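For the sequence shown, counting from 1, position 17 maps to 17 in my numbering; every step adds exactly one.
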Amino acid sequence: MKRKISIVLLTLAMAGCSSLGVEPWERGQLARADMALDHEKLDMALDDHIYFSKEGSSGGRSFAGGGCGCN
């Protein structure tokens with residue numbers, strides 16, 4: 001009895017991961033401009049400020065640089 005229950009539970013657990021990914025009819029919804037990670041410019045500016053403050057570097061995402069900022 002325990003073996004049958006464990007097989008059923010294992011089968012259900014494996015079937016739970018079978019629908020990962022984006023279906024073709026969902027791509028239009030996810031491609032909207034407001035779904036982009038950089039849609040809110042104010043949020044991006046705040047995130048950049050926090051990132052630069054914690055890293056203590058000049059430049060950031062697309063520029064070379066680094067260090068403690070003591071210069």
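Ideal placement from N, C-alpha and C gives every residue a C-beta, glycine not left out. Remember, it's a predicted structure, so these values are computed and weren't measured experimentally.
Q: Step through the CB atoms of chain D and report whether any lies within less than 7 Å of the CB of Ile-7.
A: Here chain D cannot be found, since the structure has a single protein chain.
Q) For Asn-71, does the three-state DSSP call read helix, strand or coil? A) Translated into positions along the sequence shown, residue 71 becomes position 71. Caution applies to Asn-71, whose pLDDT of 47 falls short of 50 and renders its modelled position unreliable; the model cannot decide the point.
**Q.** Met-35, DSSP secondary structure in three states
**A.** The residue you call residue 35 lines up with position 35 of the sequence shown. In this structure, Met-35 counts as helix in the three-state DSSP scheme.
Q: Could you check the C-alpha separation between Asn-71 and Leu-42 for me, to the nearest Å?
A: As a working note, residue 71 is residue 71 in the sequence shown. As a working note, residue 42 is residue 42 in the sequence shown. With a pLDDT of only 47 at Asn-71, under the threshold of 50, the placement of this residue in the model should not be trusted; the figure read from the coordinates follows. Going by the C-alpha atoms only, they are around 28 Å apart.
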